[in-house]
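Residue numbers (numbering that gives the first Met the number 0), protein chains in the order written: chain A, 0 to 314; chain B, 0 to 314. Just so you know, even glycine gets a beta-carbon here, dropped at the ideal spot from N, CA and C. Everything numeric in this text was worked out from a predicted model, so none of it was measured.
Number of protein chains: 2
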Amino acid sequence: MNTPELDLPMAVPATGLPARVRIHEVGARDGLQNEKATVPTAVKAEFVRRLAGTGLTTIEATSFVHPKWVPQLADAEDLYPEISGLPVSLPVLVPNERGLDRALALGARRVAVFASATESFAKANLNRTVDEALAMFEPVVTRAKGEDVHVRGYLSMCFGDPWEGPVPIPQVVRVCRALLDMGCDELSLGDTIGVATPGHVTALLTALTGAGVPVSALGVHFHDTYGQALANTLAALQQGVTTVDASAGGLGGCPYAKSATGNLATEDLVWMLRGLGIDTGVDLGRLVATSVWMAAHLGRPSPSRTVRALSHQES
Amino acid sequence: MNTPELDLPMAVPATGLPARVRIHEVGARDGLQNEKATVPTAVKAEFVRRLAGTGLTTIEATSFVHPKWVPQLADAEDLYPEISGLPVSLPVLVPNERGLDRALALGARRVAVFASATESFAKANLNRTVDEALAMFEPVVTRAKGEDVHVRGYLSMCFGDPWEGPVPIPQVVRVCRALLDMGCDELSLGDTIGVATPGHVTALLTALTGAGVPVSALGVHFHDTYGQALANTLAALQQGVTTVDASAGGLGGCPYAKSATGNLATEDLVWMLRGLGIDTGVDLGRLVATSVWMAAHLGRPSPSRTVRALSHQES
């Protein structure tokens, strides 16, 4: 019974929010990396092309990690040349200098490293201490910056950690400072297990800007494990954040599985930003169509509520 | 891999928010009214008893509407005496004077009427104009107040309407004023089709308080059709709202069906409020257990992300 004008919310701007937000689309990397099914290279390339056609300007493409660790993205060398001519930014994840070599050889101009705010996750994910991981990233960042390549620093477990519980804010601030001091251009503050709430977001951002970190260097990366991602995003926008990570269709953690990571769906984010009168440049209808297309390839419906509402997709 | 301390978020209060929020639980009425399955009276009674055992203090119990219109709640006369001794508030919906008679005969001390902000929905739902519906409610409210019964006025379609599109704020303010002027003690501002976004919420609440409506008389009733309910709730809390409607387990509109209404899940709300350090008096673990129990009766998993995350419930 929806009429066409309700395919978009009424725009009613709120005071004190940014005029424009850059969405850092992570579906093709963070999303597909965490899906059970391995997607053929040609489908990945078409996915990135369709995402670029929606108006998204930053589309994280793949990861140059060892195929043994992330078999879903083992085709990075084949995929990247297929999409590198697109008129969008295509950051790639590089875990170490070997990954950087591979990315640079293909002409990548944006890379990302993946650090941890907690010792437990650094140990589990990288088999290193937090400081050993930072030491591993330092030459990666230095060499990338030497070639004028943009570097993003992901920081996982910024709010809670499955082994350590709540993560102290000063601990997060210390690792953020270290990543910026070694040359990272921007950070992505990850709520990897989805336990953040809006007051916690405000407190962390306030502590970071109080420690001299410019808010323009901060992106946020929320998970919808407990349904909090958009409320947390609103709190971040109210602190001046203008870079928000999201995953088309909520790829990368079906909320109906125990292994849920529950990435914030780009469509749910775009719906809110449109309603707030915040420009993203994204065509929501095209984005929904892209996520429905990818959901068909994955053989399951998108967990995004906006995708479901606008596509009348049934589970 | 979750440790026990992560069954609740870290409490990090934000400034400018209320210290306490009253949750108006609508699962047993608005929830079950919109489920396909008709639930046996004994199960409904047990559901309300379990909800009362979680610490919820206001549990909307049923509706005294003609059974022809809402067969799911045709057992109101049988259900109410089963639960009326519980030490909680048990408001009931009354569509007209006949419904009020039935509710008062059973000793109900809180009733609710259900108005519309738009002509299209008033026509569809009540077969009346907005003003004709108000005229129908006036003697209901007057008689209830004469017996010192608390009256809530639901106002649906406060943000968007499926036939009319975006709903002008002055139109909503006018009907709110009329409901308060006839004696309603509180209003529930309904985003019936889920299209509200936070700036729209702020604008409506600002307009209402600017028109002399005390914020203490205002509750909010958001739907998660597009995933916006918690972000909208945060915006409402920032305007001083302390009454929030929610439905245990997200009952009342499976988001995976075309007929989705997508009530905000009480668990997702409680998670956010706990994180914000806002007292609700609700035991989240008991609430999740109650929703899992009811989901088993309905034969489908809860759509609440928090229920799924904490119960490891599979679809």
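In DSSP terms, what residue i is bridged to
i: proline 165(A); result: Gly159(A)
i: phenylalanine 113(A); result: Tyr153(A)
i: asparagine 262(A); result: His222(A)
i: serine 301(A); result: Its beta-bridge partners do not exist; DSSP assigns none.
i: threonine 61(A); result: Val91(A)
i: aspartate 278(B); result: Arg19(B)
Beta-carbon separation (whole angstroms), residue i vs residue j, contact threshold 8 Å
i: alanine 114(A); j: tyrosine 153(A); result: 6 Å
i: phenylalanine 63(A); j: glycine 98(A); result: 4 Å
i: glutamate 81(B); j: arginine 101(B); result: No, glutamate 81(B) and arginine 101(B) are not in contact; Cβ-Cβ is about 16 Å, not under 8 Å.
i: leucine 16(B); j: glutamine 238(B); result: Not a contact, Cβ separation roughly 10 Å.
i: glutamate 24(A); j: alanine 247(A); result: 6 Å
i: phenylalanine 221(B); j: threonine 205(B); result: 17 Å between Cβ atoms; not a contact.
i: valine 281(B); j: leucine 55(B); result: 6 Å
i: glycine 276(B); j: proline 12(B); result: 4 Å
i: alanine 315(B); j: valine 219(B); result: Any property of residue 315(B) remains undetermined from this structure, which presents chain B solely from 0 to 314.
i: alanine 10(B); j: arginine 273(B); result: 6 Å
i: alanine 60(A); j: alanine 27(A); result: 6 Å
i: leucine 283(B); j: leucine 7(B); result: 7 Å
i: valine 91(B); j: valine 110(B); result: 6 Å
i: valine 243(B); j: valine 20(B); result: 6 Å
i: serine 301(B); j: glycine 249(B); result: 6 Å
For residue i, the three-state DSSP class (helix, strand or coil)
i: glutamate 24(A); result: strand
i: isoleucine 82(A); result: helix
i: lysine 257(B); result: Only weak support exists for where lysine 257(B) lies, its pLDDT of 45 falling under 50; the value from the coordinates is given anyway. Correct three-state label for lysine 257(B): coil.
i: alanine 107(B); result: coil
i: arginine 285(B); result: helix
i: leucine 72(A); result: helix
i: arginine 19(B); result: strand
i: aspartate 147(B); result: coil
i: tryptophan 38(A); result: Before going on, a small fix: residue 38(A) reads as valine here, not tryptophan. If DSSP states are grouped into helix, strand and coil, valine 38(A) belongs with coil.
i: alanine 308(A); result: helix
i: lysine 67(B); result: coil
i: asparagine 318(A); result: No answer is possible for residue 318(A): the residues shown for chain A start at 0 and end at 314.
i: valine 47(A); result: helix
i: threonine 53(B); result: coil
i: aspartate 267(A); result: helix
i: methionine 9(A); result: coil
i: threonine 141(B); result: helix
i: glutamate 4(B); result: With a pLDDT of 44 at glutamate 4(B), under the threshold of 50, the modelled position of this residue cannot be trusted; read the value that follows with caution. Glutamate 4(B) falls in the helix class under three-state DSSP.
Any non-hydrogen atom of the ligand PLP closer than 7 Å to residue i Cβ
i: aspartate 267(B); result: Annotation note on the ligand PLP: not contained in the displayed structure, which lists no ligands.
Per-residue contacts from residue i into chain D (C-beta, under 7 Å)
i: threonine 37(A); result: Reference to chain D is not applicable here, since the protein chains of this structure are A and B.
Inset, instruction - Would you check if the stretch 215-226 of chain A and the stretch 260-280 of chain B touch, i.e. whether three or more CB-CB distances between them fall below 8 Å? - result: Put simply, the stretch 260-280 of chain B touches the stretch 215-226 of chain A. At least three CB pairs are less than 8 Å apart.
Inset, instruction - Indicate whether the contact test is met: 3 or more Cβ pairs, each with one atom in the stretch 126-137 of chain B and one in the stretch 157-164 of chain B, closer than 8 Å. - result: No contact exists between the stretch 126-137 of chain B and the stretch 157-164 of chain B.
Inset, instruction - Kindly confirm or deny that the stretch 59-71 of chain A and the stretch 289-297 of chain A touch, where touching means at least three C-beta pairs closer than 8 Å. - result: No, the stretch 59-71 of chain A does not touch the stretch 289-297 of chain A.
Legend entry - Ordered list of beta strand (DSSP E) runs contained in the stretch 174-257 of chain A, each at least 3 residues: The stretch 174-257 of chain A contains these whole beta strand (DSSP E) runs: 185-189, 217-220 and 242-245.
Inset, instruction - Report yes or no: do the stretch 32-43 of chain B and the stretch 180-200 of chain A share at least 3 C-beta pairs separated by less than 8 Å? - result: Not touching, per the Cβ criterion.
Legend entry - the stretch 168-177 of chain A touching the stretch 138-149 of chain A, judged by at least three CB pairs closer than 8 Å: Touching, no.
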